[in-house]
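Participant: The structure under discussion is supplied below as C-alpha cells; questions concerning it will follow.
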Amino acid sequence: MERCEFMASRFREVYLSGTWIANTNYQDQLQQINWQIASTQIADLNTIAAIVYHINYYLQGILEGLEDGQFTIQDKFSFDVPEIVEDREWQILVHVFLDNAEKFAQTIERFDESKLEETFFEERFGNYWRNIEGVIEHGYYHLGQIVLIRKLIAADH
Numbered sequence: 004m005e006r007c008e009f010m011a012s013r014f015r016e017v018y019l020s021g022t023w024i025a026n027t028n029y030q031d032q033l034q035q036i037n038w039q040i041a042s043t044q045i046a047d048l049n050t051i052a053a054i055v056y057h058i059n060y061y062l063q064g065i066l067e068g069l070e071d072g073q074f075t076i077q078d079k080f081s082f083d084v085p086e087i088v089e090d091r092e093w094q095i096l097v098h099v100f101l102d103n104a105e106k107f108a109q110t111i112e113r114f115d116e117s118k119l120e121e122t123f124f125e126e127r128f129g130n131y132w133r134n135i136e137g138v139i140e141h142g143y144y145h146l147g148q149i150v151l152i153r154k155l156i157a158a159d160h
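Structure, rendered in C-alpha cells:
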C-alpha cells in the first residue's frame, strides 16, 4: 500500500468506518446522537455540535484550499457554530461533515506520493504529510471528547 492510500485509510479509520484504535468512529457516534444531545451543554465543555462544526471547519477549509490554492481559515472562527434548534439542522451538519470527510480521504488517495513532502500552503505549516497526520490526530482527540460528553449526558439523564 502506498503512503497516500495508507494515510487515507488511517483517516477513514477515525472519521468514517474504523474501530481499530478507538473502537468507534465519528460516523458511528454521530448516527447515535440527536440534535438535543448534540446541543446539550455540560459545564464549560464544548457541545458535540460545536466539536463537529470545529472539525468540519478544518476539513472544509483544507479542501477549499486544495481547490483554489488559498488557505484562508482562521482558528478564531473554528467554533462559531450556529445554534442547533431542530433535528434538520443537526442532520445537515452531520451530512456535510461526513461528506467532507469522504472527500478528504479521496483527495489524499489521489495525491502523488511526492505531494506529501511539499509545503502545506506556507512554510510555517510544514509539509502535507505532517498536516494530514495532524488532521488524523486532531480527529481522535475530538472523537474522544464526543464519546465522553455523550457519557456525561447519559449519566445526567
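Those letters in the sequence shown? Residues 4 to 160, per the numbering used here, in order. Each residue gets a CB set at the ideal place from its N, CA and C atoms; glycine is no exception.
1. How is the alpha helix (DSSP H) around Arg153 delimited, first residue to last?
2. Can you round the beta-carbon distance between Glu92 and Trp132 to whole angstroms, since I take them to be within the 8 Å contact cut?
3. Is Tyr17 near Ala25, with beta carbons less than 8 Å apart?
4. Which runs of the alpha helix (DSSP H) fall wholly inside the region 8-72 and span at least 4 residues, in chain order?
5. Less than 8 Å between the beta carbons of Ile65 and Ile51, yes or no?
6. Taking a contact to mean a Cβ-Cβ separation below 8 Å, would you say Gln30 touches Leu19 in this structure?
7. Let me know if Phe114 comes out buried or exposed under the rule of 16 or more other beta-carbons within 10 Å of its beta-carbon.
8. Closest by CA to Lys79, which one among Gln73, Leu96, Tyr60, Glu67?
9. What three-state label does DSSP hand Thr75 in the structure shown?
10. Please report the residue range of the alpha helix (DSSP H) in which Leu101 lies.
11. Classify Phe9: buried if its beta carbon has 16 or more other beta carbons within 10 angstroms, exposed otherwise.
12. Taking Glu121 and Asn134 to be in contact with their CB atoms under 8 Å, please state how far apart those CB atoms are, rounded to whole angstroms.
13. For Phe82, does the count of other Cβ atoms within 10 angstroms reach 16, so buried, or fall short, so exposed?
14. Here's the rule: buried if 16 or more other CB atoms are within 10 angstroms of the residue's CB, otherwise exposed. What is Phe128?
Facilitator: Well, looking at it:
1. 131-159
2. Actually they do not touch by this definition, with Cβ atoms about 36 Å apart.
3. Contrary to the premise, residue 17 reads as Val rather than Tyr in this sequence. The answer is yes: Cβ separation under 8 Å.
4. 29-33, 38-41, 51-71
5. Not closer than 8 Å, so no.
6. It is a contact, given that the beta carbons lie within the stated cut-off.
7. buried
8. Tyr60
9. Looking at Thr75 - three-state DSSP - the assignment turns out to be coil, as it is neither helix nor strand.
10. 90-113
11. exposed
12. The beta-carbon distance between Glu121 and Asn134, rounded to whole angstroms, is 10 Å. This is too long to meet the 8 Å contact definition.
13. exposed
14. exposed
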